[in-house]
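Asker: As given, the protein sequences belong to chains A and B, one line each in that order. Take the first sequence: its position 309, counted from the start at 1, is 309 in my numbering, and no numbers get skipped. Take the second sequence: its position 139, counted from the start at 1, is 139 in my numbering, and no numbers get skipped.
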Amino acid sequence: MNPNKQVSPLDHTCGLDIGRIRADFPILQLRIKGKPLVYLDNAASSQMPQQVIDRLVRYQATEHANIHRAVHYLSETATGQYEAARCKVQQFINAREAREVIFTSGTTEAINLVMQGYGRKFIERDDEIILTTLEHHSNIVPWQMLAEEKGAKIRVVPINDSGELLIDDYQQLFNKRTKLVAVGHVSNALGTVNPVKEMIAFAHQHGVPVLVDGAQAVPHMAVDVQDLDCDFYAFSAHKLCGPTGIGILYGKAALLERMQPFKGGGDMIRSVTFDKTTYATIPHKFEAGTPPIAAAIGLCAAIEYVSAIGMDSIAAYEHELLNYATETMSCLPGVRLIGTAPNKAAVLSFALEGIHPHDVGTLLNEEGIAVRTGYHCAQPVMQRFGVAATARASFAFYNTTVEIDAMVAGIRNVQKVFA
Amino acid sequence: MADPKALYQEVILDHNKKPRNFGVLENPTHHAEGHNPLCGDHLRLTIKMTGEQIEGIGFDGESCAICKASASMMTTVVKGKSRGEAETLVQEFRDMAMGKLDPAGPHHMGRLTVFAGVRDLPMRVKCAILPWHTLHAALNAVETTSTEAVNDPMEVS
């Protein structure tokens with residue numbers, strides 16, 4: 001079977017030519033165990049189109065030097081491309097200014113930057129930080145480290161049986177000691193899309209800033225940080241068809257300016273003597289050392305790629321895929337879907353009765369099907385649903401209903417093996 | 001290379017479905033808990049030793065089929081064995097799972113060779129080893145162990 005030729009009618013909805021899109025991704029031509037690769041682990045990391053690969057090659061072959069350093073041609077070229085990438089990100093998330101966009105190594109480092117630069121400066125003993133049950137470990141552990149250091153408290157918004165945040169409970173957590181809310185835009189384990197705009201508005205009524213972990217949202221929907229009015233927004237390039245090793249922290253300029261630097265080093269200073277060092281202005285204050293220049297340029301190309309397809313079209317098509325997968329899987333006996341919120345991104349977490357997810361993952365791999373199994377760096381979510389682990393299929397705009405059918409056939413086969 | 005699918009063969013599926021020696025022994029002389037934090041597998045072993053001999057052994061916990069079948073078969077094999085014999089099996093099983101055991105050379109794996117295929121599934125090796133790892137901990141009076149532990153008893157050997 002050639003998955004690029006087998007495109008069902010649904011795959012022409014939402015104005016996307018999926019066959020052509022698939023042709024952009026060389027990795028989708030791979031065969032695993034003699035079967036066409038069915039890559040359904042996009043929430044962990046998405047694949048890279050040839051356009052981004054070519055851009056990375058062109059940069060390394062003809063444009064590379066260190067940035068912000070020398071007056072020679074290559075350094076000026078690289079600096080120009082790196083700063084152009086910053087502007088591209090600014091436009092993509094509709095930040096007010098380019099200096100509000102900080103390059104980090106990924107979402108995790110972006111959150112840690114806020115913990116170190118904002119949390120350690122402004123959060124004190126007995127202050128409270130609001131998180132939610134749905135958070136990825138990367139939006140839990142930094143805050144626990146801060147709470148332990150400062151003697152601050154973590155308060156947690158609970159969820160219902162569908163995997164939705166209980167907003168009444170959220171609102172009741174606020175008091176005069178509340179200093180920060182850190183919430184995921186989309187749950188990586190369940191796919192729930194949280195009502196972050198309303199949550200931010202409520203927090204602001206109490207004068208509390210909000211950090212949004214957008215790692216799972218940015219690849220799947222149009223995000224406008226000014227419309228959300230979030231104070232911080234973090235995401236990674238590698239889930240957005242870009243390279244690993246680079247992510248973004250958006251922060252409101254007024255907040256970033258008040259924060260202390262995260263790392264010390266070159267490129268983040270204005271002047272250095274052994275008596276006193278003064279720091280550069282934002283965003284450079286937070287970008288010590290040589291940054292991942294190639295990765296920033298790759299991210300820029302990835303944003304150009306997905307923007308040309310259109311984030312709204314991507315969201316609409318992935319929603320069709322999710323609906324198709326949810327309906328098909330609901331018809332299978334012995335399948336429990338975990339996370340059934342009405343407003344979800346393209347993530348389908350499930351458990352098979354009497355079969356451990358790791359056995360599901362290993363046997364699906366034999367059919368060339370890549371799903372994630374485990375606790376998805378979100379153990380509190382697993383505990384809430386009383387499971388140690390789930391299997392998770394997560395879709396991107398290059399997936400097809402044919403691939404979902406292959407997964408369902410694979411699941412039937414797993415059930416047969418264990419019958 | 002062995003077909004990993006063959007790993008899910010009748011004998012393993014049977015032990016997964018009907019685990020032998022499943023349960024907790026009362027008044028054990030030795031016990032240990034094993035965790036694989038990477039996948040959430042959790043296993044508890046209780047052992048009754050008379051002198052240097054394993055007289056009784058039971059296990060329970062939550063785990064994948066590979067881990068559960070490995071634990072079940074392990075209990076049937078080590079029951080009645082001496083501590084020294086059990087430790088030899090622990091070492092040989094570990095070597096086999098990691099592809100370091102010469103199948104043609106002298107060894108005592110017997111029907112445990114159905115697990116040899118995990119060597120081709122690096123992410124699943126720890127599932128198969130966890131029960132043996134936990135047995136080693138119990139015999140050496142380590143109460144809890146983990147496939148990721150700093151004081152990993154399997155790593156020092």
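Positions of the beta carbon are idealized from the N, C-alpha and C atoms, including for glycine. Treat the numbers as computed from the prediction; the structure is a model and nothing was measured.
Going by DSSP, which residues form a beta bridge with PHE350(A)?
Answerer: According to DSSP, which records beta bridges pairwise, PHE350(A) is partnered with LEU337(A) and ALA391(A).
Asker: Please tell me whether LEU352(A) has its Cβ less than 8 Å away from any Cβ of chain B.
Answerer: So no, LEU352(A) is outside the interface.
Asker: Note down, in chain order, every chain A residue with its Cβ under 8 Å from the Cβ of LEU13(B).
Answerer: In chain order: VAL417 and PHE418.
Asker: Applying a beta-carbon distance threshold of less than 8 Å, which residues of chain A neighbour GLY40(B)?
Answerer: The answer, in chain order, is GLY374, TYR375, MET382, ALA388 and ALA389.
Asker: Is ARG177(A) helix, strand or coil when you go by DSSP?
Answerer: Note: ARG177(A) maps to coil in three-state DSSP.
Asker: When DSSP labels each residue in this structure, what does SER162(A) get in the three-state scheme?
Answerer: Three-state DSSP puts SER162(A) in coil, outside helix and strand.
Asker: What's the call for TYR59(A), buried or exposed, on a 16-neighbour Cβ count within 10 Å?
Answerer: Buried: at least 16 other Cβ atoms inside 10 Å.
Asker: Classify ALA152(A): buried if its beta carbon has 16 or more other beta carbons within 10 angstroms, exposed otherwise.
Answerer: Flag for ALA152(A) reads buried.
Asker: Count the other C-beta atoms from every protein chain shown that fall within 10 angstroms of the C-beta of THR113(B), then say buried if there are 16 or more, exposed otherwise.
Answerer: By the neighbour-count rule (16 or more Cβ atoms within 10 Å), THR113(B) is not buried but exposed.
Asker: Mark CYS230(A) as exposed unless 16 or more other C-beta atoms lie within 10 angstroms of its C-beta, in which case mark it buried.
Answerer: Buried, by the Cβ-count rule.
Asker: What whole-angstrom Cβ distance do GLY214(A) and LYS344(A) have, given they're in contact under 8 Å?
Answerer: Contact flag wrong, Cβ pair sits at about 16 Å.
Asker: Identify the contact partners of ASP127(A) in chain B, using a Cβ-Cβ distance below 7 Å as the criterion.
Answerer: By Cβ distance, chain B contributes nothing, its closest Cβ being about 31 Å from ASP127(A), past 7 Å.
Asker: Touching or not, the segment 161 to 169 of chain A and the segment 103 to 116 of chain A, by the rule of three or more beta carbon pairs under 8 Å?
Answerer: No: the two stretches stay apart, fewer than three of their Cβ pairs being nearer than 8 Å.
Asker: So, does the CB of HIS358(A) fall closer than 8 Å to a CB anywhere in chain C?
Answerer: Note that chain C does not occur in the displayed structure, where the protein chains are A and B.
Asker: Looking at C-alpha atoms only, which residue of THR29(B), HIS35(B) and PRO37(B) is the closest neighbour of ILE47(B)?
Answerer: Nearest option by C-alpha distance: THR29(B).
Asker: With ALA315(A) and ALA237(A) assumed to form a contact (beta carbons below 8 Å), what rounded beta-carbon distance in angstroms separates them?
Answerer: With a Cβ gap of about 19 Å, ALA315(A) and ALA237(A) do not count as contacting.
Asker: If contact means a Cβ-Cβ distance below 9 Å, which residues of the segment 49 to 75 of chain B contact chain A?
Answerer: Cβ contacts with chain A: GLU62, SER63, CYS64, ALA65, ILE66, CYS67 and LYS68.
Asker: Would you decide whether THR273(A) is buried or exposed? Buried here means 16 or more other CB atoms lie within 10 Å of its CB.
Answerer: Answer is exposed; the Cβ neighbour count stays below 16.
Asker: Taking DSSP as the reference, what is the three-state secondary structure of TYR420(A)?
Answerer: Past the boundaries of the shown model lies residue 420(A); chain A is included only from 1 to 419, so the question cannot be answered.
Asker: Rounded to the nearest angstrom, how far is the Cβ of ALA301(A) from that of VAL52(A), given a contact under 8 Å?
Answerer: Their Cβ separation, rounded to whole angstroms, is 5 Å, which keeps ALA301(A) and VAL52(A) in contact under 8 Å.
Asker: Where GLY80(B) and PRO26(A) are concerned, what is the direct C-alpha to C-alpha distance, given to the nearest angstrom?
Answerer: One C-alpha to the other measures close to 56 Å.
Asker: Closer than 8 Å is the cut-off here; do at least three beta carbon pairs connect the segment 27 to 40 of chain A with the segment 357 to 372 of chain A?
Answerer: Contact holds: three or more Cβ-Cβ distances are below 8 Å.
Asker: Assess contact between the segment 303 to 321 of chain A and the segment 97 to 112 of chain A, defined as three or more Cβ pairs (one per stretch) separated by less than 8 Å. Is contact present?
Answerer: Cβ pair count under 8 Å is below three, so no.
Asker: Assuming VAL408(A) and LEU321(A) are in contact, meaning their beta carbons sit under 8 Å apart, how far apart are those beta carbons, in whole angstroms?
Answerer: About 13 Å separates the two Cβ atoms, so there is no contact after all.
Asker: Tell me which residue opens and which closes the alpha helix (DSSP H) that PHE202(A) is part of.
Answerer: Looking at the DSSP string, the run of the alpha helix (DSSP H) that includes PHE202(A) is 196 to 205.
Asker: Return yes when the Cβ of LEU256(A) is within less than 8 Å of the Cβ of ILE282(A), no when it is not.
Answerer: Contact flag set, yes.
Asker: Per the DSSP calculation, PHE103(A) is bridged to which residue(s)?
Answerer: DSSP lists ILE248(A) as partners of PHE103(A).
Asker: In whole angstroms, what is the alpha-carbon distance linking ALA6(B) and VAL118(B)?
Answerer: The alpha-carbon atoms of ALA6(B) and VAL118(B) are separated by roughly 10 Å.
Asker: Tell me the residue span of the alpha helix (DSSP H) that contains GLN53(B).
Answerer: That residue, GLN53(B), is in no alpha helix (DSSP H); its beta strand (DSSP E) goes 53 to 62.
Asker: Just the C-alpha distance for ALA14(B) and CYS64(B), rounded to the nearest angstrom, thanks.
Answerer: The sequence given here has Asp at residue 14(B), not Ala. Approximately 13 Å between the Cα atoms of the pair.
Asker: Identify the contact partners of THR290(A) in chain B, using a Cβ-Cβ distance below 9 Å as the criterion.
Answerer: Correct list: empty, because the minimum Cβ distance to chain B is about 33 Å.
Asker: Of the residues GLY207(A), PHE262(A), ASP54(A) and VAL186(A), which one's Cα is nearest the Cα of LEU165(A)?
Answerer: For the residues GLY207(A), PHE262(A), ASP54(A) and VAL186(A), the minimum Cα distance to LEU165(A) belongs to VAL186(A).
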